[in-house]
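A.B. asks: Here the protein sequences line up with chains L, Z, H and A, keeping their order.
1 is the number of the first residue of the first sequence in my numbering; add one for each residue after it.
733 is the number of the first residue of the second sequence in my numbering; add one for each residue after it.
1303 is the number of the first residue of the third sequence in my numbering; add one for each residue after it.
1629 is the number of the first residue of the fourth sequence in my numbering; add one for each residue after it.
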Amino acid sequence: MTILSIRDLKVDYATQDGTVEAVDGVSLDVAEGQHLGLIGESGCGKTTLLKAIVQVLPRNGRVVSGKIMFKGMDLLQLPPAEMRQLRWREIATIPQASMDSLNPVQRVGSQLMKLLRIRGGYDKRAARRRAADLFDLVGLDTDRLMHYPHEFSGGMKQRAVIAMALALEPSLLIADEPVTALDVIVQHQILEVLRELEAELNLTVMLITHDISVVAQVCDSVAVMYAGRIVEQAAAEPFFHAPAHPYSLGLQQAFPNLANPRDELVSIEGYPPDLREPPSGCRFAERCPFVQADCHEIDPRLELVADERLAACLRSGEMESLRKQAEDPALWQQVEVAQGFASTPNPSRHPYGGHPIKREGLTSPMPSDKSFTPSVGDGDGGWGGDNGEPLLEMRAVSKQFKIGGGLAGLLRGDKEQTVYAVNNISFSLRRGESLGLAGESGCGKSTTGKLLVKLLDASDGEILFDGADLAHLDSDDLLDFRSRSQLMFQNPFEALNPRFTLYRSLTEPLIIHGWKDENQRLQRVVETLDRVNLRPAEVFLDKYPHQLSGGQLQRVVLARALVLHPEFLVADEPVSMLDVSVRAGILNTTRRLARELGLATVYISHDLSLLQYTCDRIAIMYLGEIVEMGPSLEVINNPQHPYTQALIAAVPVPDPTVENPPLRIQEGVPRPTERFIGCPFAQRCPEVMEACLNIRPPAITDEGRHMAQCHLYGEQRDSPKVKRSPEATAAG
Amino acid sequence: MSRKLVSLVVLLLMLLVFALPAASQTSGEMVPTIIVHSVTQAERPIEYETTRLVVENMRELGLEVEHRAIPWAQMIDEIWFSRTVDSAVADRPFQMTHWRMVGRPERSDPDEFTYNLFHSSVRDGGYNFIGYNNPEYDALAEAQRVEVADKEARLDIICEAQTIIRNDMVNAYFIHPLTPQVVNTSAFNPDSITTQAGIGVHNFWTWIGIEPTTDDKTLITSTTSFLNNFNPLEIAGDAPSRVTEMTWDRLMRINPIGVAEPWAAESVEWEDPLNVVVTLRAGMKWHDGEDVQSDDAAYSFEAALAGTTQTDEDGNESFRAEAPDYYPFARNVDSIEIIDDLSLRFTLKTPSAAFETSSLAKLNLLPKHIWEPIINDLLEQDDADVNSIQEEIPIGSGPFKYVAYDVNEFVLLEAFDDHWARPKIDTWLMNVLPNQEATLGQIQSGEMNFLWEWPGDPGVLQQIVDDNEHLDIFSAISIGFNYFAFNVRYAPFDDVTFRQAVAHTIPQEFIIDNIFNGLAAPADSFVSAALEYWRQCDDLPTYDFSIDGARELLASAGYSWDDDGRLLYP
Amino acid sequence: MQQEAMAREGSTGLPAAEFRQGSALRQLWETNLEVFQRDRMALFGLIVFAIFALVALFAPILAPNDPLTPLKNNDGDWIKDALPYWLAEPGEDVAEGYTNDFLLGTTNIGRDIFSQLIHGSRAALLVGFSAAAAVAVIGTVIGLLAGFYGGWVDSVLMRAADVAFGIPFIPFIIVIAAFFDPSIWNVVIAMAILLWRDTGRVIRSQVLVIKEQAFVSAARVSGASNLRIIFVYIAPSILPLSFLYGSFAIAWAILTEASVSFLGFSDPETISWGFMLQDAFLSLALTRGAFYWIIPPGLCIMLTVMAGFFIGRGYEEVLFPRLRRM
Amino acid sequence: MNRGVITYIAGRFLQSVMVLWIIVTLLFLLFRLAPSNPLASYIDTTFTKEQEAALLARFGLDKPLGEQYIIYLLNLARFELGDTFSYSGKSVLDILSADLPNTIYLTLSSLLVAYGVGVLGGILMAALRGSLFERVGTTFTLMTRAAPTFWVGMLLLTFFAFQWKLLPSAGIAPAMVRFRWETEWDKLLSPVFWRHMILPTFTLAVYLHGLPLLLMRSNMLEVLDQDYVTMSRLAGYSEWRVMIQTAARNAMLPVLTALTLGIGYSIGGNVVIENVFSWPGLGRTLVRAVQQADYPLAQGAFFLIALIIVFMNFIADILYSLLDPRVGASAQAQVS
């Protein structure tokens, strides 16, 4: 039975620069008990659709036409009071950024009880009982009912929000990006909770996400949105095995898959169309590798292409063969170079207009990639690569921070605390080599990155760069080091000075390093922009960061890192802020350039599949220590440390037929303010032995390549297991 | 004979002293910039405007003149404590300033002004801050004090003193203010209001004589100044002084025409120039019910004389009075003898014409049973005097007694039924109301029925009275006066001619008409026209407003002007 | 490769100098421009300031009479309390010979109110702008230093701010004004001593935010020195904030100057609107209902202060877009 | 209350004491090094050198500066503010303790009115954002903030007191009423007192309501954008509940802090209004003390106002940390 039926829904937003048709004729049915995953990249209208359903559109948004039938009622016709009654009792929502959805100044339990009493009609005692039950249901300790939201970890807040959503036993649950921005282990556990609840409560779920692997794990059917339209709708299994729309194909190919690694990821280059003036033909045509002439003219309708499968593509008939072609990343690559400048918030601002530059206009004066071939002994110096001595070496490096100290802290009554961010880590890196640092948030990987480029100084140990200790550089040497090492930042929207034109941002390092000749600087900047595939470079020079999209910005950030021709690059979560469809493009470019230029690279990411794709070696960090390190494939396919095993097991597989194994560890990294005598992971380790609690585990190496710091492989391997009560492993 | 000789010598010496600084000026030198002080416009607009006007006129003489308007507190520093080059608190001694003397009943006798303003002995720390030093004048000032019996002889001396001062032009007097007071004549019988010479209608005689026309026998007035304290041994601001005068009786009081007459004393008999017998009225009571007796009266003087002699490190003895404000008025008393319950005899150290006015009519009668313990206590302490005393409800024997007060807010008095001159009103209330708008609002609305003082624009008051039938304006020439004081110690004000020339730049009439709106009388002496008796002199010299006259005067004394019109010394 | 790129130079057709314009200053200018383009009220404020600035500049020309010298009639007497000619009924007390100059009548001692009003703009703008400049400069420098260097510098400066927050503002000015020669500069000095506190704190916290931003780290990684980071990266980002507080400071300064003048602690030789009101208050303009004397200075104060507020809010809306009207 | 909160409060308290000490020291230096003569108010015809010396001794002004400072600090620590120059037999504390309640009544009543109107107005403005009403309303509020309070007071006086004679123009009550008050209670229970309070309260409120209104409005706009507000909409709470219980409640926190701070600053800022309405409070006493050069009194009044401000700043910090559980020991209230 269909519980929710959307018919030809149109929603638009009035903005200063025109009307944006955010949802443009969407029709969708959700059957009772169905678990529908709605996927698409940011700005495709999926959240707007949700807001339209529950009618909380922002002031400038309005439903233009269409129907939203819920259990036979047209929600759009309901008086507001009745609609309000429906909310939460019938349709519950887990909003995006649900971490912030709890009132920060009210205890979580009170919020839950207030909901139960006001909306659910419970009396005080019943509400308290029910709240405790709900906490149980989502796996939260009932002692935490009287805690404030800020005392909860991210995963716990998410659980609490789920508990609230389920409080009034709704028939439809809409979850908007429920696991985004959570660590992989937490993510895994939240998904597990959702899965269990679906089964237990027979919920109808609509899950909105950009992450197809999440959908693969939780949903039984899928709808893909693109530019305000639904372009494909299908049951999960057929969808994942044989997508019926080029966009779905691209999405699927763009996702790195641990289990089934690809040599080159697919990137759907380009950007969704400007919804103020949507194209008359197929909206995906600009980015589609299979585009043909009529695609630009004819607007394809969502049609039944197979059993219970809907797709909106003129070439849906030839999908079988297109799927084959799509396997080849080169097909998509073609588009990468072709795409120029994306639409910007205010096209009137800059002289080059806001529309994608047509292919024919793109005859770059730079020929192909040929000129990028590194030449040893290049006059500029630094771009050469040799594989001999390590370029960089970390020797037993530690970093502590003190917080809340000082006179002011004393007066304020703060207690001084030490955070042990990085503990005794050692590794070395040769020119041209790439190393990945992985781990949950707070494991010290970003601190390590900052130590490597001397944004921070080590508290103990030595960091040697080309033989020189970073701690003892005089100002000339420091400047030299600065020209040879670079950092690429996580958030491209913050990494560039919003007040500088791109030219200014890119030329700054050159000015600092004494490039006096303006023309030489310009030349270098243009050349570097070309290298990162921002072409024609001249178009970008006088742009401001806010005029560019995230993907473009991240390329600029990369260009800035490379403009001095460094020898060493740290990339801190280079794509985590970007849409899946463009991630691959950045990664491909970075990886290609690193290889071509012989850069030594350190990638920092929470995403193992990404590291597997980009790195020669991977190091897994936990509480400031490297617990395992080795060649990427070795680490991924043959993890030794229980923590690595857990991390890998937690990564969702973008295949509904492969179910993630249950996790044996709990979420929740302890605060790094205490030092452990034994193994730092002992608290959470499923294999914990008595030795782990008291003796520091040794680094066990396998032929000098694969290292794991764990007692399981050392002399203490026979130490008795520690029996642990379930509570001890529970969240906390 | 010998005195005259001494005077002559001193005069010569003085001429020398005056001549020296004058000689030190090279002839033809430019007269330096002159700074004229006044208070700010916010404090007293009238004084500020007058000064501004005169400064403008002085510039016409070819002088560079700066008008320095500063708050009163700072003026004290720059005038009072900056008399000479050596003692100047500010970086220089003052040159010329606007100043004013307010009228008080005890100033009805010319002694205070005659002596204190100009006698050379009070040149360094006293009121002769202008530094006037004229032995001839000193002799007169001393002589008028001795002429107790012969009032006419004294008048001659006073007249001579006035002439000298006028000629020497050490103070350029320009007005005696007319103090305007507004009375609600629907609440009081206007005929029952007494005008006291030089003071106005807000005087003791009015308070006891004013007749209410309705059943509400309350007189409500207000002051813009401060109600700091009600202490019979402390001279505070104007307003509290008027209150203490109503609540503590005195042996004599200054009557409406400015002469001391027996009050709490039934009689005051001079046995000789040094001895006077005072007999109290019978049956007087203190507000607490005790009888007023001669030992109380004697104690009132003893309290004022109380003090300790201290010896400092150098062996110098100094006397520290417990009642420093009243000590000077009792200082001349050598001994007091109690004759019986109601009479007593004062023996003076030196004959004094002003004893009745400035001592018998000045000192408040104190209840000995209350004040003796207080004074004895104070004598034990080194660092406290009567100025740190405030009785909870003060006890006097005057026609009004205290009901309640709140410093700087109000004071509420009630007629004292046991007084032999019980007032016709029952209640007397004074509010502190610094806000003039509020004052006007209240007098119009009837919230207040007796406007006591008016520091603001007199024209406004006139308009209010014109607009309101129930209000009447009363005004009287004050004993006080406004003037410009010159620091005669230094050039150019050490030159009589120069001072006289400056006097010619003061447009007396214009000031009276325009700034005072006619509510002022021209002044030419420190003795007000209100004190008719003491003005029975030959006409004093006049200094008409005339810039040209002033320039001629300067030219004749050898001053000249340079090409830019700046004034040059002779 | 260099040659190749040199050769390309011609093909881009863009001389390097053209991109140099993308300086922080230009951006700052654009922010300022944006404030006044976006916000009509801010533009209104700017125009008000401009008009008053012109009036102040040309006050001696615009004012028909000297503001302090009483006007005299043919008899040489002061023309006191003359009504504005447009208020006076025929035959009423309007001064002969001056009628058309008496736009707003005269004071109780015959000063021309209109001329005072014009001259008053000088004091207001002088005090307003110099106090604002002092507050903004001191606050910005202190905020920058405290935020950027942290540690004991921060501790000392922020403790100083706490002290400044603990000192009552108007009483402080009164005491200063009473102790030193009355002058409009007392207000400026007192504001400079005390009011940097708000600016300083806000700028400090903003610097803390900017300092942690990736683009600053990026500059550091590129080898930029502390001074370069402060002046090239941080300062331009917080300057609009200084302007915001500066424009509010203009408003506060004008208001404060008026209050202090009203209490009688100002320089009587300097005509200001507050002084006029004090003069009116003491001269009982209220009782006489001389609204032509009371209303104009108050309106002028209100107008200039509002101008400061409007401009400040304009900056606020550009800097903190969340407050923007939707 | 846990240990952390207590150490936090203790720390803040210590800090406030330090701040106060610095202020007090500055105050001492300011008054001692002032150019005017401290004895100006004593000058009279009969003033002699000996008396001057005696006076200096009486007020301890003859001692070396360092000694004076120590004595001054010790006295302050015992809350002894010394004797006034101009009121015999009254200590500074006597005068100030009579003024303080009046200032507090005026401050509290005006803040109460201002914050009541401001908070409600702010909510209304936020709810009606973008409407003509909002635009006119905020502009009007800005106008009231831009108008000098004394001028507003003057105009109100002119109409309500002088022209229409509806309300009294000055003071806290006629003396005939006032002298019957024996305790503060008598005063507070007297309708006459409240009648006198109307105009100054209203004048102050006209000025003061702007801050809470604008603050509330912008806080509301900010809070309404927060996810937890969306969440409570999604949860089906009524709009009233969303606006008032969730949004307004959270938006109120900074306003409450501002109110706490406002008490301190208003007590210092009421000076002008107290003078316009002859309100016998700290501000009027301060101005008169300065005019009379009664330095101990001026210094005492200044100290008392500073003490209240520092104390209220302290309370605001504490309040903020108590009201908002997120503000841990390290956070600092950033409301000004």
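Note that CB positions come from ideal geometry on N, CA and C, so glycine has one too.
So which residues on chain A does Trp-88 (chain L) lean against when the C-beta distance must stay under 8 Å?
C.D. replies: What you label residue 88 (chain L) is simply residue 88 of the first sequence in a count that begins at 1. Neighbours of Trp-88 (chain L) on chain A, chain order: Leu-1862, Ala-1863 and Gly-1864.
A.B. asks: Could you work out which residues of chain L lie near Val-1523 (chain H), taking near to mean beta carbons separated by less than 7 Å?
C.D. replies: As a working mapping, residue 1523 (chain H) is identified with position 221 in the third sequence. Within 7 Å Cβ-Cβ: Val-453, Leu-455, Arg-482, Gln-486 and Leu-487.
A.B. asks: Run through the DSSP bridge pairs and tell me what Gln-417 (chain L) is partnered with.
C.D. replies: Stepping through the first sequence from its first residue, residue 417 (chain L) is reached at position 417. Answer is L:Ile-403.
A.B. asks: Rounded to a whole number of angstroms, what is the C-alpha to C-alpha distance between Val-570 (chain L) and Val-580 (chain L)?
C.D. replies: As a position in the first sequence, residue 570 (chain L) is number 570, starting the count at 1. As a position in the first sequence, residue 580 (chain L) is number 580, starting the count at 1. If I take the Cα positions, the gap works out to 21 Å.
A.B. asks: For Glu-892 (chain Z) and Tyr-1594 (chain H), I'd like the C-alpha separation in whole angstroms.
C.D. replies: Residue numbering aside, residue 892 (chain Z) sits at position 160 when the second sequence is read from its first letter. Residue numbering aside, residue 1594 (chain H) sits at position 292 when the third sequence is read from its first letter. Spanning the two alpha carbons is a distance of roughly 53 Å.
A.B. asks: Applying a beta-carbon distance threshold of less than 8 Å, which residues of chain A neighbour Ala-160 (chain L)?
C.D. replies: Looking up residue 160 (chain L) in the first sequence gives position 160. Near Ala-160 (chain L) there are no residues of chain A at all, since even the closest Cβ is about 11 Å away, more than 8 Å.
A.B. asks: Is there a C-beta anywhere in chain L that falls below 7 Å from the one on Pro-1542 (chain H)?
C.D. replies: If you number the third sequence from 1, residue 1542 (chain H) lands on position 240. By this cut-off, Pro-1542 (chain H) is not an interface position.
A.B. asks: Just curious, the beta strand (DSSP E) that Trp-831 (chain Z) is in, first and last residue?
C.D. replies: The residue labelled residue 831 (chain Z) in the question sits at position 99 within the second sequence. Taken as a continuous stretch (DSSP letters only), the beta strand (DSSP E) holding Trp-831 (chain Z) covers 828 to 833.
A.B. asks: Mind checking if Thr-1589 (chain H) is an interface residue toward chain Z, Cβ cutoff 7 Å exclusive?
C.D. replies: The residue labelled residue 1589 (chain H) in the question sits at position 287 within the third sequence. Chain Z contact via Cβ: present.
A.B. asks: With Lys-124 (chain L) as the anchor, note down where its alpha helix (DSSP H) starts and where it stops.
C.D. replies: The residue labelled residue 124 (chain L) in the question sits at position 124 within the first sequence. Lys-124 (chain L) -> alpha helix (DSSP H) spans 124 to 137.
A.B. asks: Which residues does DSSP list as the beta-bridge partners of His-908 (chain Z)?
C.D. replies: Working through the second sequence from its first residue, we reach residue 908 (chain Z) at position 176. Answer by DSSP bridge pairing, in chain order: Z:Ala-1253.
A.B. asks: In three-state terms, what does DSSP make of Phe-489 (chain L)?
C.D. replies: Along the first sequence, read from residue 1 onward, the residue named residue 489 (chain L) stands at position 489. Residue state, collapsed to three classes: coil.
A.B. asks: Tell me whether Leu-1625 (chain H) sits in a helix, a strand or coil according to DSSP, three-state version.
C.D. replies: As a first step, residue 1625 (chain H) is located in the third sequence; it is residue number 323 there, counting from the start. Unreliable positioning characterises Leu-1625 (chain H) in this predicted model, as indicated by a pLDDT of 47, which lies under 50. A coordinate reading is not provided.
A.B. asks: At a CB-CB cut-off below 8 Å, which residues of chain A make contact with Ile-626 (chain L)?
C.D. replies: The residue labelled residue 626 (chain L) in the question sits at position 626 within the first sequence. Going along chain A, no residue has its Cβ under 8 Å from Ile-626 (chain L), so there is no contact; the nearest lies around 31 Å.
A.B. asks: Name the chain A residues whose beta carbon is nearer than 9 Å to that of Leu-49 (chain L)?
C.D. replies: Counting from 1 along the first sequence, the entry for residue 49 (chain L) is found at position 49. Ordered by position in chain A, no residue passes the 9 Å Cβ test against Leu-49 (chain L), which lies about 14 Å from the chain.
A.B. asks: Counting Cβ pairs closer than 8 Å, one from the stretch 1743 to 1751 of chain A and one from the stretch 1833 to 1848 of chain A, do we hit at least three?
C.D. replies: Yes, the stretch 1743 to 1751 of chain A is in contact with the stretch 1833 to 1848 of chain A.
A.B. asks: Using 8 Å for Cβ pairs, my map puts Ser-398 (chain L) next to Gly-442 (chain L). What's the rounded Cβ distance?
C.D. replies: Your numbering for residue 398 (chain L) matches position 398 in the first sequence. Your numbering for residue 442 (chain L) matches position 442 in the first sequence. Ser-398 (chain L) to Gly-442 (chain L), Cβ: 16 Å. No contact.
A.B. asks: Roughly how many angstroms lie between the CA atoms of Pro-80 (chain L) and Ser-1737 (chain A), to the nearest whole one?
C.D. replies: One-based indexing of the first sequence puts residue 80 (chain L) at position 80. One-based indexing of the fourth sequence puts residue 1737 (chain A) at position 109. The alpha-carbon atoms of Pro-80 (chain L) and Ser-1737 (chain A) are separated by roughly 40 Å.
A.B. asks: Am I right that Leu-173 (chain L) and Val-214 (chain L) are in contact with their C-beta atoms under 8 Å? What's the rounded C-beta distance?
C.D. replies: In the first sequence, counting from the first residue as 1, residue 173 (chain L) sits at position 173. In the first sequence, counting from the first residue as 1, residue 214 (chain L) sits at position 214. At roughly 15 Å, the Cβ-Cβ gap does not stay under 8 Å, so Leu-173 (chain L) and Val-214 (chain L) are not in contact.
A.B. asks: Determine, for Gly-1616 (chain H), whether the minimum Cβ-Cβ distance to residues of chain L falls below 7 Å.
C.D. replies: If you number the third sequence from 1, residue 1616 (chain H) lands on position 314. No, Gly-1616 (chain H) does not count as interfacial toward chain L.
A.B. asks: First and last residue of the beta strand (DSSP E) that includes Gly-37 (chain L)?
C.D. replies: The sequence position of residue 37 (chain L) within the first sequence is 37, counting from 1. From DSSP, the beta strand (DSSP E) with Gly-37 (chain L) extends over 35 to 39.
A.B. asks: Please confirm if Thr-1858 (chain A) has its CB atom under 7 Å from at least one CB of chain L.
C.D. replies: Along the fourth sequence, one-based indexing puts residue 1858 (chain A) at 230. Cβ-Cβ to chain L under 7 Å: yes for Thr-1858 (chain A).
A.B. asks: Locate the alpha helix (DSSP H) running through Glu-1104 (chain Z), then write down its first and last residues.
C.D. replies: Counting from 1 along the second sequence, the entry for residue 1104 (chain Z) is found at position 372. Run containing Glu-1104 (chain Z): 1100 to 1112, per the alpha helix (DSSP H) assignment.
A.B. asks: Relative to the C-alpha of Thr-1159 (chain Z), which residue among Z:Ile-952, Z:Ile-767 and Z:Asp-900 is closest?
C.D. replies: The residue labelled residue 1159 (chain Z) in the question sits at position 427 within the second sequence. When only C-alpha atoms are compared, the closest one is Z:Ile-952.
A.B. asks: Going by the CB atoms, is the gap between Tyr-603 (chain L) and Ile-436 (chain L) shorter than 7 Å?
C.D. replies: Taking the first sequence and counting its residues from 1, the one referred to as residue 436 (chain L) is at position 436. Taking the first sequence and counting its residues from 1, the one referred to as residue 603 (chain L) is at position 603. It should be noted that the sequence gives Gly, not Ile, for residue 436 (chain L). Cβ distance < 7 Å, so Gly-436 (chain L) and Tyr-603 (chain L) count as in contact.
A.B. asks: With a cut-off of 7 Å, does the C-beta of Pro-509 (chain L) fall near any C-beta of chain H?
C.D. replies: Within the first sequence, numbered from 1, the residue matching residue 509 (chain L) stands at position 509. With 7 Å as the cut-off, Pro-509 (chain L) counts as an interface residue toward chain H.
A.B. asks: Within 10 angstroms of the Cβ of His-245 (chain L), are there 16 or more other Cβ atoms? Answer buried if so, exposed if not.
C.D. replies: Residue numbering aside, residue 245 (chain L) sits at position 245 when the first sequence is read from its first letter. So His-245 (chain L) counts as buried.
A.B. asks: Contact between the stretch 1565 to 1579 of chain H and the stretch 1596 to 1612 of chain H: three or more CB pairs below 8 Å?
C.D. replies: With the cut-off at 8 Å, the stretch 1565 to 1579 of chain H and the stretch 1596 to 1612 of chain H touch.
A.B. asks: Taking C-beta to C-beta, are Ala-495 (chain L) and Phe-1517 (chain H) nearer than 7 Å?
C.D. replies: Residue numbering aside, residue 495 (chain L) sits at position 495 when the first sequence is read from its first letter. Residue numbering aside, residue 1517 (chain H) sits at position 215 when the third sequence is read from its first letter. Result yes, Cβ atoms of Ala-495 (chain L) and Phe-1517 (chain H) sit closer than 7 Å.
A.B. asks: Got a sec: is the Cβ-Cβ distance from Leu-1111 (chain Z) to anything in chain A below 7 Å?
C.D. replies: For the purposes of this step, residue 1111 (chain Z) is taken as the residue at position 379 of the second sequence. Chain A, which has no Cβ nearer than 7 Å to the Cβ of Leu-1111 (chain Z), makes this no.
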